[in-house]
Amino acid sequence: MSDAQIVELETLRRQLQQLHELFAVVIDETRPTPDNPAVMPWPELLSKFNVLAGKYAILSQTVGRKHASLLKELAVVPRTQPTGIHEQNIMSVLLRTKLAPEIEQEEEEIWAQVQTEAQQVQRHESLAITAMNTFSSLRKSHPSRVYQQVQAAVDAAPAQTAVPQPDEKPTDKKAVSLEEILAFASAGAPL
Numbered sequence: 037m038s039d040a041q042i043v044e045l046e047t048l049r050r051q052l053q054q055l056h057e058l059f060a061v062v063i064d065e066t067r068p069t070p071d072n073p074a075v076m077p078w079p080e081l082l083s084k085f086n087v088l089a090g091k092y093a094i095l096s097q098t099v100g101r102k103h104a105s106l107l108k109e110l111a112v113v114p115r116t117q118p119t120g121i122h123e124q125n126i127m128s129v130l131l132r133t134k135l136a137p138e139i140e141q142e143e144e145e146i147w148a149q150v151q152t153e154a155q156q157v158q159r160h161e162s163l164a165i166t167a168m169n170t171f172s173s174l175r176k177s178h179p180s181r182v183y184q185q186v187q188a189a190v191d192a193a194p195a196q197t198a199v200p201q202p203d204e205k206p207t208d209k210k211a212v213s214l215e216e217i218l219a220f221a222s223a224g225a226p227l
């Protein structure tokens, strides 16, 4: 490890110690004691929290940007072995690699819900595709069916002969109702 990396790690360690000490001070100040049973006023508590949040954000950005590659290569171990039970408990929590049981159960429930929703999405997509294909095939076959229905109605209708006007020639065209013409026109087939 180079001297520059050691200096960077020492700077990072000092910043982390300062944040840790600030956390301890804020916790001690906010905790009611027999000497001072009053709770800290909200504006003061909020300002202390903002200071903590700002220092934490700066430290996490520093670690994330500058030291991410360096910290991936290193293992952090405590300088001294924890002496008290409380310190040992903290150490075991910090070194834990398995999730807490309640978090693990909640994560399993979330994954089950995600899988169920994914299956529903697939089902809805297949229904939508089926509906789209059905609609498309009906749309393509609709004009020819309407044309056939109109043609059949025209052929089945009794021949009506119009009384020729004096200046018109007699025709042998069959009469078609307005509904049949509109149905034929709406089918999109050329007249």
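Take 37 as the starting number for the sequence shown in my numbering and just add one per residue. Note that the Cβ used here is the ideal one computed from N, Cα and C, for glycine as well.
I need the DSSP call for residue i, collapsed to helix, strand or coil.
i      : result
ASP64  : helix
ASP191 : helix
GLY90  : helix
LEU45  : helix
MET254 : One cannot answer for residue 254 here, as it falls past the ends of the chain, which runs 37 to 227.
ASP71  : coil
THR166 : helix
ILE117 : Per the sequence presented here, residue 117 reads as Gln, with Ile not at that position. Here GLN117 sits in coil by DSSP.
LYS84  : helix
ARG132 : coil
ALA223 : coil
SER96  : helix
Near residue i, which residues of its chain fall below 8 Å by C-beta distance, leaving aside the five closest residues on each side in sequence?
i      : result
PRO114 : MET127
Let's test the definition: count the other Cβ atoms within 10 Å of the Cβ of residue i and tell me whether it reaches 16, buried, or not, exposed.
i      : result
PHE220 : buried
VAL150 : exposed
VAL43  : exposed
VAL186 : buried
Could you name the residues of the same chain whose beta carbon sits closer than 7 Å to that of residue i, not counting the 5 residues immediately before and after it, in chain order?
i      : result
MET76  : GLU65 and THR66
GLN124 : PRO118
LEU95  : GLN51, LEU52 and LEU55
PRO79  : none
Rank the options by C-alpha distance to the C-alpha of residue i and give the top, closest one.
i      : options                          : result
ALA192 : SER213, GLU109, LEU174 and ARG49 : SER213
ILE63  : GLN53, LYS84 and ARG49           : LYS84
ILE91  : GLU46, SER173, PHE59 and SER162  : Residue identity check: residue 91 is Lys in the sequence provided, not Ile. Nearest option by C-alpha distance: PHE59.
GLY100 : GLN158, LEU48, ILE217 and ALA74  : LEU48
ALA89  : ARG132, HIS56, PRO68 and PRO118  : HIS56
GLU109 : ALA164, ARG132, LEU45 and LEU82  : LEU45
In angstroms, rounded to a whole number, what distance separates the CA positions of residue i and residue j?
i      : j      : result
LEU166 : THR98  : Before going further, note that residue 166 is Thr rather than Leu in the sequence given. Their Cα atoms are separated by approximately 54 Å.
LYS134 : SER172 : 53 Å
ARG50  : GLU143 : 36 Å
ALA198 : VAL190 : For ALA198, the predicted structure reports a pLDDT of 47, less than 50, and the residue's modelled location is therefore unreliable. A value from the coordinates is still provided. In a straight line, the C-alpha of ALA198 is about 16 Å away from that of VAL190.
GLU216 : SER222 : 10 Å
LEU81  : GLN53  : 21 Å
THR69  : ASN86  : 23 Å
ALA34  : LEU218 : The chain is shown from 37 up to 227; residue 34 falls before or after that span and cannot be answered.
GLN156 : THR170 : 21 Å
MET168 : GLU161 : 10 Å
ILE121 : ARG132 : 16 Å
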